[in-house]
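Quick mapping for you: the protein sequence lines, in order, are chains U and P. Numbers 1 to 328, taken from the numbering used here, label the letters of the first sequence in order. Numbers 329 to 650, taken from the numbering used here, label the letters of the second sequence in order.
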Amino acid sequence: MSGALLSVENAVVDLPTPRGNLRAVDHVDLTVGAGKTLGIVGESGCGKTMLSRAVLQLLPKKAKLSGRVMFDGQDLTTLPAEKLRKLRGRSLAVVFQDPMTSLNPVLTIGTQLIETIQEHLELDLAQARQRSIELLTAVGIPAPEQRLTQYPHQLSGGMRQRVAIAVALSCEPKLLIADEPTTALDVTIQAQILDLLAREQQRRHMAMIIITHDLGVVAGRTDEVAVMYAGRVVERAPTPALFKQMRMPYTEALLAALPKLDVPPHTPLPAISGRPPDPTRPLKGCSFSPRCRYSAGRCSTEKPRLSPAETLEHLYACFHPIAAGGRA
Amino acid sequence: MMLQAASNPLMKVENLVVEYSVGGKTIHAVSDVSLEIARGETLGLVGESGCGKSTLGRAVLQLRQAVSGKVLFDGHDLTSLKGEALRKMRRRVQLIFQDPIASLNPRRRIGDIVAEPLVIAGVKDPEERWRRVSEVLSAVGLDPALVSGRLPHEFSGGQCQRICIARSLVLNPEFVICDEPVSALDVSIRAQILNLLEEMKARYGLTLLFIAHDLAVVKAVSDRVAVMYLGRLCEVGPSEQLFARPAHPYTALLIEAIPVPDPDVRPTTSVPVGEPPSPIAPPSGCRFRTRCPRADARCASEVPELRVVAPGQFAACHHPLI
């Protein structure tokens, strides 16, 4: 796709394990346009985090990546380490689930912000300090001047995540990857952090990838959603189109399995039976077929390809998709 | 306080206060909480991390000592029981934890793990123990012959939670405290475990205290819901009624903050900025007042008592929404 800021082409990530090769990401294609927000949804072990690490070129040492990761006109997979380091933090930033893993516990908030800013931008100390204060204000941290002298452990989880977001935004990145940014936070704080990310994304016209296991998080806050299962993208669509008409049974089952507020108590939930396949023992057919209630015929022998529904933007990988307006 | 609607309560918590000290400072984890849970009922207890909901669950089981207050289980005050008498009573009350993998000893076989409560309770006959173990393992959907010789690491998180549930049921308890039993599990597994808990409740005639931070999860299984904030109860009421017409501004905030999986529902941005204050120095008066849009001078000076706002529904607020 032309005009995309990020395009992942045929990405495969293999991890050697004692039990054999683990294919964490299996032939994934994705694009994110400038200023757009993509949600990647899936359960633990589906490969969503490995995919984001592949984009960031932060895969474990033993992992093997094939395919291309085109970002802003360059293929990141062939970029020398020094150039990559300059790119990460500058135009490619990341916010992790646990802010304690991205913040250094022995450095003050101020040091970490100012260091990042000075590493990438030509600013003197006073200017960098001023910019840090502006950033902390923008992410909703009260009394930012005092926060600069504090250490991460002196802040609450929500405040730490705000600081991590401030660090990520400090160099005006073109793309921000938020990997489960609110999973470790309480529900009232989650809403605030998601609002903050959405606001800054629009204000800065920055592209964003939100990685989450919660369909509720992506529903109101993304332009496009990719659903992953067992290393593959199994459905991809503009967000409104996806929620209007899910085609892939897994997406539908995932949504149905969520407890809903408008359902009376003690209503049995439509659970998905079984569990995801062992990633070191890939299935011949569709990875979801053993758990799928529509599975039949070639589902267990042949892998369905990601193919378009009514529109070219809505793709799904299923031999027995849910028909428009319900199951045929 | 005869506040809650339950008739024939199996569990009754009266003016419970739990505090502990960390680095010379006192944490007010549970402050003057009263609750009743009727026989056969599921009471959901919701609140954010640090609100004291887990501490309350543990204090009910006497795993954490209360500063004052009573915990009446089937008429017996657990806070005054000690030694053998307490151990006997505890057999009737069980606990399921959040992290199913961490709550199983990695070096012991599943059969031994599930039989352990029976050994402690003095069931000496191995055949009798095996009969009970295989019954509860089958009940939670596992094949006893297949799983009992295996070790916890051979199982997924969802299966480990099934094993924990089996262990909690092996002594035929009447009351089970579930402390965030599904929050460590994936969405597709979470529904299986919630359904299983409901089945077990019906099959064994259990009464449940279901502790969680996720309101939708709590609503799915609870007859009544209690909302906790910074050590105090804000609101108690029948699930459907509480979600349809919350009286306490904090309950309303929690409901509003849930992300809805529907792109037509725009996320609300009316959530007030701010975070819960520290339980070391909770605000005077109403503890929610620092984040509450309706707070005034009275809220700072006077602790609101739980009062009836609708049939069966109680809220501790000077300016309730209904």
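Even glycine gets a Cβ: it sits at the ideal position worked out from N, Cα and C.
Given residue i as reference, the closest of the options once Cα atoms are compared
i	options	result
VAL348/U	ILE177/U, THR149/U, PRO276/U	In this structure chain U extends from 1 to 328, so residue 348/U is not present and cannot be described.
ARG136/U	ARG160/U, GLN118/U, LEU121/U, ASP124/U	The question names Arg, but residue 136/U is Leu in the sequence shown. Comparing Cα-Cα distances from LEU136/U to each of ARG160/U, GLN118/U, LEU121/U, ASP124/U, the minimum goes to ARG160/U.
GLY372/P	THR535/P, ARG615/P, ALA575/P, PRO610/P	THR535/P
ALA377/P	HIS541/P, GLY439/P, ARG415/P, TYR348/P	A small correction: the amino acid at residue 377/P is Ser; Ala does not occupy that position in the sequence shown. Ranking HIS541/P, GLY439/P, ARG415/P, TYR348/P by Cα distance to SER377/P puts HIS541/P first.
ASP360/P	THR618/P, ALA413/P, GLN520/P, LEU384/P	LEU384/P
ILE429/P	MET417/P, PRO472/P, LEU513/P	LEU513/P
THR101/U	LEU92/U, THR111/U, PRO144/U, HIS153/U	HIS153/U
ALA166/U	ASP179/U, SER300/U, GLN112/U, PRO268/U	GLN112/U
CYS627/P	LYS529/P, THR618/P, LEU634/P	THR618/P
SER7/U	LEU283/U, GLY33/U, THR311/U	GLY33/U
VAL94/U	PRO264/U, LYS61/U, ILE211/U, PHE288/U	ILE211/U
ASP72/U	GLU115/U, PRO238/U, ARG88/U, VAL106/U	ARG88/U
GLY352/P	ILE608/P, GLY368/P, ARG459/P	ILE608/P
LEU391/P	PHE401/P, GLU444/P, CYS379/P, THR407/P	THR407/P
ALA253/U	PRO265/U, PRO270/U, LYS284/U, TYR151/U	PRO270/U
LEU22/U	VAL12/U, LEU215/U, ASP29/U, SER289/U	VAL12/U
ARG129/U	PRO80/U, GLN146/U, THR280/U	GLN146/U
LYS86/U	ARG199/U, GLN118/U, LEU255/U, ALA164/U	GLN118/U
Chain U contact for residue i (CB, 9 Å cutoff)
i	result
THR370/P	yes
GLU508/P	no
ILE608/P	no
PHE425/P	no
ARG419/P	no
ARG518/P	yes
GLY533/P	no
SER381/P	Rather than Ser, the amino acid found at residue 381/P in this sequence is Lys. Output row for LYS381/P: interface = no.
LYS452/P	no
GLU563/P	no
ILE277/P	Past the boundaries of the shown model lies residue 277/P; chain P is included only from 329 to 650, so the question cannot be answered.
HIS541/P	yes
ALA394/P	no
VAL545/P	yes
Residue i and residue j closer than 9 Å at C-beta
i	j	result
ILE491/P	LEU432/P	yes
PRO297/U	PRO587/P	One detail in the question is off: residue 297/U reads as Gly in this sequence, not Pro. Their beta carbons are not under 9 Å apart, which means GLY297/U does not touch PRO587/P by this criterion.
ARG68/U	GLU9/U	yes
ASP590/P	PHE243/U	yes
LEU409/P	VAL442/P	no
ALA575/P	GLN641/P	yes
CYS286/U	LYS303/U	yes
VAL374/P	ALA387/P	no
ARG635/P	PRO577/P	no
THR116/U	CYS171/U	yes
LEU76/U	GLN57/U	yes
Cutoff 9 Å: residue i Cβ touching any chain P Cβ
i	result
GLU9/U	no
LEU259/U	Rather than Leu, the amino acid found at residue 259/U in this sequence is Pro. Yes, PRO259/U counts as interfacial toward chain P.
PRO249/U	no
HIS266/U	yes
SER287/U	no
SER295/U	no
THR188/U	yes
MET159/U	yes
ARG20/U	Per the sequence shown, residue 20/U should be read as Gly rather than Arg. Cβ-Cβ to chain P under 9 Å: no for GLY20/U.
GLY216/U	yes
ARG291/U	yes
THR37/U	no
ARG327/U	The predicted position of ARG327/U is uncertain, since its pLDDT is 46 and thus under 50; no value can be drawn from it.
MET1/U	Here MET1/U scores only 44 on pLDDT, less than 50, and its place in the model should not be relied on; the value that follows carries that caveat. Cβ-Cβ to chain P under 9 Å: no for MET1/U.
GLY47/U	no
GLY231/U	no
Residue i, buried or exposed, once every other Cβ within 10 Å from all chains shown has been counted against 16
i	result
ILE109/U	buried
LYS64/U	exposed
ALA328/U	Low local confidence applies: a pLDDT of 40 at ALA328/U is under 50, so the model's placement there is unreliable, with the coordinate-based value given in what follows. Classification of ALA328/U: exposed, given that the 10 Å Cβ count is below 16.
ARG203/U	exposed
VAL234/U	buried
LYS48/U	buried
GLN190/U	buried
LYS174/U	buried
ASP124/U	exposed
GLU412/P	exposed
TRP639/P	First, the amino acid is wrong: residue 639/P is Pro here, not Trp. Exposed, since its Cβ has fewer than 16 Cβ neighbours within 10 Å.
THR311/U	exposed
Mind listing, in chain order, the continuous beta strand (DSSP E) runs of no fewer than 3 residues lying wholly within the stretch 229-270 of chain U? 232-238
Which ranges does the beta strand (DSSP E) cover as unbroken runs of at least 3 residues, wholly within the stretch 534-574 of chain P, from first to last along the chain? 535-540, 552-557, 560-566
Taking only runs that begin and end inside the stretch 358-409 of chain P, name each unbroken alpha helix (DSSP H) of 4 or more residues, in chain order. 381-388
So within the stretch 43-128 of chain U, which uninterrupted beta strand (DSSP E) runs reach at least 3 residues, ignoring any that extend past its ends? 64-71, 92-95
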